[in-house]
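**Q** Have a look at this one before I ask anything.
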Amino acid sequence: MKCFYHNDLDGRCAGSIVAQYSGNYNKEDFFEVDYVMELPVDKIKDGEEVWFVDYSFKENTKHVLTDLLDRGCDVIWIDHHNSSINLVSNDERLNQIYGIRKEGISGAALTYMYCYNKDYYDVPYYIKLVSDYDCWQYKYEPDTTYFKLGVESEKFDALDPIWTCFSDENGVLTSLIDMGKVIKNFIDQDNTYYREHFAYESEIAGHKCLVVNKKTNSWVFGDKYNEYPLVMIWVYDGRNYVYSIFSNNKDVDCSKIAENYGGGGHKSAAGFNSKELLFKKL
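Here the sequence shown stands for residues 0 to 281, numbered as in numbering that gives the first Met the number 0.
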């Protein structure tokens with residue numbers, strides 16, 4: 000068995016669910032991946048079971064899936080990104096792959112539902128918090144934000160033991176939420192300073208946007224988030240400029256904008272990368 004999971008909170012949680020379900024904690028069988036790197040499919044044996052959780056394939060990468068099918072692999076693909084939904088709707092062979100491709104529920108929650116044949120109602124609370132944050136729904140605020148920050152203050156890779164500690168009896172979940180509240184207060188102060196000193200205006204897809212050069216999330220924009228049709232963060236990783244765009248404007252689809260640059264994601268949040276900096280100060 001091999002498992003490929005996206006390198007964020009939702010992806011790591013999804014990978015942890017595969018590990019718990021399969022009982023496999025062999026680090027050589029689990030791969031944290033992003034959309035910049037080339038997938039290490041050479042590690043997969045012919046006929047092997049392969050999981051892709053919280054990972055979006057697009058037209059230019061779907062050959063990875065078809066190649067594995069041609070090699071006799073049992074592929075399970077679980078994802079919730081628009082780009083994946085659009086891809087399977089136009090390709091019957093991909094649509095027949097095991098798993099779930101569905102919007103509105105995160106990759107981790109879908110993975111739990113698939114593995115244990117459960118409805119979303121039966122998903123554990125900590126996974127619902129992951130889903131609530133990743134899908135930008137915030138039905139469980141402030142627990143959603145505080146849990147996200149509390150988990151990220153610990154080691155939380157897919158195979159780390161933190162994911163097996165969230166029973167109602169041991170108090171770990173409550174402690175992490177309390178820790179997250181303290182962390183959030185600090186972040187808000189830091190973001191205000193950073194936004195006031197380093198944010199600049201640019202334009203993407205005909206929309207004026209506020210841009211910050213920082214590896215962070217949309218929190219850095221504070222109240223400015225609602226003043227622009229969309230906002231953007233970017234960071235240079237030594238090879239590529241990596242962008243994330245966010246919007247709560249009903250007339251803006253971040254996933255479609257990102258797809259124009261070779262990326263993908265959701266209507267309200269998406270990402271892509273480039274070799275040169277594309278968005279400078281106007």
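No residue lacks a Cβ here, since even glycine has one placed at the ideal position from N, Cα and C.
Under a three-way DSSP split, which group does G46 fall into?
**A** Here residue 46 refers to the residue found at position 47 of the sequence shown. Looking at G46 - three-state DSSP - the assignment turns out to be coil, as it is neither helix nor strand.
**Q** Which same chain residues, not among the five before or five after K147, have their C-beta less than 8 angstroms away from its C-beta?
**A** Reading the sequence shown from its first residue, position 148 is the one you call residue 147. The residues are L8, L128, V129, Y132, G179.
**Q** Look at the alpha carbon of N89 and the alpha carbon of G103, and state the distance between them as a whole number of angstroms.
**A** Here residue 89 corresponds to residue number 90 of the sequence shown, with the count starting at 1. Here residue 103 corresponds to residue number 104 of the sequence shown, with the count starting at 1. Cα to Cα, N89 sits roughly 20 angstroms from G103.
**Q** What would DSSP say about K1, mapped onto helix, strand or coil?
**A** Translated into positions along the sequence shown, residue 1 becomes position 2. If DSSP states are grouped into helix, strand and coil, K1 belongs with the strands.
**Q** Using CA coordinates, which residue listed in K1, H5, F3, C12 is at the minimum distance from V150?
**A** Position 151 of the sequence shown, counted from the first residue, corresponds to residue 150. The residue with the shortest Cα to Cα distance from V150 is C12.
**Q** Do you know how far the Cα of K117 is from the Cα of A198?
**A** In the sequence shown, the residue the question calls residue 198 occupies position 199. In the sequence shown, the residue the question calls residue 117 occupies position 118. Spanning the two alpha carbons is a distance of roughly 44 angstroms.
**Q** Please state the DSSP three-state secondary structure of A345.
**A** Only positions 0 to 281 of the chain appear in the structure, and residue 345 is not among them; the question remains open.
**Q** Tell me which residue opens and which closes the beta strand (DSSP E) that N248 is part of.
**A** On the sequence shown, position 249 is the one that residue 248 refers to. Taken as a continuous stretch (DSSP letters only), N248 belongs to no beta strand (DSSP E), as it is neither H nor E.
**Q** For F185 and M36, what's the separation of their Cα atoms in angstroms?
**A** As a working mapping, residue 185 is identified with position 186 in the sequence shown. As a working mapping, residue 36 is identified with position 37 in the sequence shown. Distance between the alpha carbons of F185 and M36: 33 angstroms.
**Q** With distances taken between CB atoms, is the gap from G261 to F271 smaller than 7 angstroms?
**A** Start at 1 with the first residue of the sequence shown, and residue 261 comes out as number 262. Start at 1 with the first residue of the sequence shown, and residue 271 comes out as number 272. Cβ atoms of G261 and F271: closer than 7 angstroms.
**Q** What is the residue span of the alpha helix (DSSP H) that S15 lies within?
**A** Reading the sequence shown from its first residue, position 16 is the one you call residue 15. Run containing S15: 8-21, per the alpha helix (DSSP H) assignment.
**Q** In whole angstroms, give me the CA-to-CA distance for L175 and V219.
**A** Within the sequence shown, the letter at position 176 stands for residue 175. Within the sequence shown, the letter at position 220 stands for residue 219. Going from the Cα of L175 to the Cα of V219 covers about 22 angstroms.
**Q** Span of the alpha helix (DSSP H) holding I256?
**A** The sequence position of residue 256 within the sequence shown is 257, counting from 1. Unbroken alpha helix (DSSP H) run through I256: 253-258.
**Q** Need the endpoints of the beta strand (DSSP E) that E31 sits in, please.
**A** Locating residue 31 in the sequence shown gives position 32, where the first residue counts as 1. Segment 29-32, the beta strand (DSSP E) holding E31.
**Q** Can you tell me where the beta strand (DSSP E) with D73 in it begins and where it stops?
**A** Along the sequence shown, one-based indexing puts residue 73 at 74. 73-77 is the extent of the beta strand (DSSP E) around D73.
**Q** Counting pairs of Cβ atoms below 8 angstroms between the stretch 188-197 and the stretch 215-232, do you hit three or more?
**A** yes
**Q** Would you kindly work out how many angstroms separate the C-alpha atoms of E58 and T65, rounded to a whole number?
**A** Position 59 of the sequence shown, counting from 1, holds the residue named residue 58. Position 66 of the sequence shown, counting from 1, holds the residue named residue 65. Their Cα atoms are separated by approximately 11 angstroms.
**Q** So the beta strand (DSSP E) M231 belongs to, where does it begin and stop?
**A** Position 232 of the sequence shown holds residue 231. Looking at the DSSP string, the run of the beta strand (DSSP E) that includes M231 is 229-235.
**Q** Using a Cβ-Cβ cutoff of less than 8 angstroms, which residues in the same chain neighbour D28 once the five nearest sequence positions on both sides are dropped?
**A** Translated into the one-based positions of the sequence shown, residue 28 becomes position 29. The residues are M0, K1, C2.
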